[in-house]
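Notes follow the structure.
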Amino acid sequence: MSEPSVFTRILRGEIPSEIVAESERAFVIRDIAPKAPVHLLVIPKTEAYRDVVELAAGDPSLLAELVELARDAAAAHSDGDFRLVFNTGAGAGQTVFHVHAHVLAGGLEEASLGA
Ligand code: 5GP
């Protein structure tokens with residue numbers, strides 16, 4: 001068995017991070033190193049999928065649930081407009097291989113395209 005991901009450890013309460021929203025199968029936290037005024041992470045509770053390509057193939061309804069949580073989180077924490085980023089692969093900046101969406105909002109003209 002491989003080690004649990006940092007996000008699984010947050011979900012279990014082993015690493016402190018406030019869960020700001022939650023659905024049956026996913027949860028939302030603030031990114032520890034924000035790249036925009038609002039920078040949230042929307043994360044499935046399962047770490048079975050490494051990235052969005054695996055998730056889309058394996059459980060498209062869970063991917064849709066992430067998008068709905070992202071919409072709701074952007075509405076709750078900003079004006080409802082947001083950028084949704086899935087870094088996919090180390091070469092694209094992915095560092096945690098437990099699929100997650102970055103929700104970037106608020107003053108995005110100040111932010112670079114990458115998360
Ligand atoms: P990636 O680089 O894989 O697309 O995104 C991983 C994100 O997780 C990074 O933006 C990083 O700042 C965030 N992150 C890593 N460790 C922690 C943590 O312990 N707590 C929180 N809230 N975010 C984390």
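Take 1 as the starting number for the sequence shown in the numbering used here and just add one per residue.
Here a beta-carbon is modelled for each residue, glycine too, at the ideal position from N, C-alpha and C.
What is the C-beta distance between residue i and residue j, in whole angstroms, given that I count them as a contact (C-beta under 8 angstroms)?
i, j, result
"Val53", "Thr88", "6 angstroms"
"Ser78", "Ala101", "Contact doesn't hold; Cβ gap of about 15 angstroms is too wide."
"Leu66", "Ala26", "6 angstroms"
"Phe86", "Ala74", "With a Cβ gap of about 15 angstroms, Phe86 and Ala74 do not count as contacting."
"Phe97", "Ile43", "So it is not a contact: roughly 12 angstroms between Cβ atoms."
"Ser2", "Leu69", "So it is not a contact: roughly 26 angstroms between Cβ atoms."
"Pro37", "Gly107", "5 angstroms"
"Ile19", "Val28", "7 angstroms"
"Val99", "Tyr49", "5 angstroms"
Would you kindly report the start and end of the unbroken beta strand (DSSP E) that includes residue i?
i, result
"Glu22", "Ile19 to Glu22"
"Ala105", "Ala101 to Ala105"
DSSP on residue i, reduced to helix/strand/coil?
i, result
"Arg83", "strand"
"Gly91", "helix"
"Glu14", "coil"
"Glu109", "helix"
Once you ignore the five residues that flank residue i on each side, which residues in its own chain have a CB closer than 8 angstroms to its CB?
i, result
"Ile32", "Ser17"
"Ala21", "Phe27, Val28, Leu69, Asp72, Ala73 and Ala76"
Between which two residues does the alpha helix (DSSP H) holding residue i run?
i, result
"Arg9", "Val6 to Leu11"
Note down, in chain order, each residue of its chain lying with its Cβ closer than 7 angstroms to the Cβ of residue i, except the 5 sequence neighbours on either side.
i, result
"Ala56", "Leu63"
Just list the alpha helix (DSSP H) runs in the region 23-80, keeping only unbroken ones of 4 residues or longer that don't cross its boundaries, in chain order.
-> Fully enclosed alpha helix (DSSP H) runs of 4 or longer: 52-58 and 60-77.
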